[in-house]
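According to my numbering, the sequence shown is numbered sequentially starting from 1394. For each residue, glycine too, the CB sits at the ideal point set by N, CA and C. Fair warning: this is a prediction, and the values are worked out from it, not measured in the lab.
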Amino acid sequence: MLATGLAKAQIRNGFQRHDGTTYLIRNGEARPMTRDTHLPNGRVVTRDGFVVQRDGQRTKLPEGAGCTLLGQFATIDTEADGRLALFTGSAGRSAPNVVEPAAISQLQRWFGKPSRGKAKGHYKKGGKHKGRGKED
1394 MLATGLAKAQ IRNGFQRHDG TTYLIRNGEA RPMTRDTHLP NGRVVTRDGF VVQRDGQRTK
1454 LPEGAGCTLL GQFATIDTEA DGRLALFTGS AGRSAPNVVE PAAISQLQRW FGKPSRGKAK
1514 GHYKKGGKHK GRGKED
């Protein structure tokens, strides 16, 4: 039951481009965006309807379309109770368990590959501050 509620919450939150304005959708209700939104995966949704990737690539949201809180493009539909819902799959269903290639590469960088050397701070000189303050 909890998973169903979580899936519903995920499809009712996101962004929509309508009549030249970008709207923030929370719980199925659209409100105009007042500022750019930084997403947890490094993407940015701007007030003028662009999704900016981590590498700086800008993609414009098509009129009438939207994107999820992860920056994935989605279609917008109105549910029976009048709330807006976002669907990322072609079959009209949400796909919340899809892992993006950027997330996979980040996880591989953290856990999968061998280390590339010493961590920050391990290159200090060994003789710094030696001999100061000691009286022989």
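query	result
Close Cβ partners of Asn1490 (< 6 Å) along its chain, the five nearest in sequence each way excluded	With a pLDDT of only 44 at Asn1490, under 50, the local geometry of the prediction cannot be trusted, and the value read off the model is given with reservation. So the list is empty, once near-sequence residues are dropped.
Contact check, Gly1434 vs Gly1464, beta carbons under 8 Å	Before going on, a small fix: residue 1434 reads as Asn here, not Gly. Contact: yes.
When Pro1455, Leu1454, Glu1472 and Arg1436 are compared against Gln1446, the one with the closest alpha-carbon	Arg1436
Unbroken stretches of the alpha helix (DSSP H), 4 residues or longer, contained in the stretch 1427-1455	none
Boundaries (first-last residue) of the beta strand (DSSP E) holding Gln1409	Gly1407 to His1411
Integer Cβ distance of Pro1410 from Glu1456, believed to fall under 8 Å	The residue asked about is misnamed: residue 1410 is Arg in this sequence, not Pro. Indeed, because the Cβ distance is near 6 Å, the residues count as touching under 8 Å.
Straight-line Cα distance separating Gly1449 from Met1426	21 Å
Enclosing beta strand (DSSP E) for Leu1479 [first to last residue]	Leu1477 to Phe1480
For Leu1432 and Leu1462, believed in contact at Cβ under 8 Å, the rounded distance	6 Å
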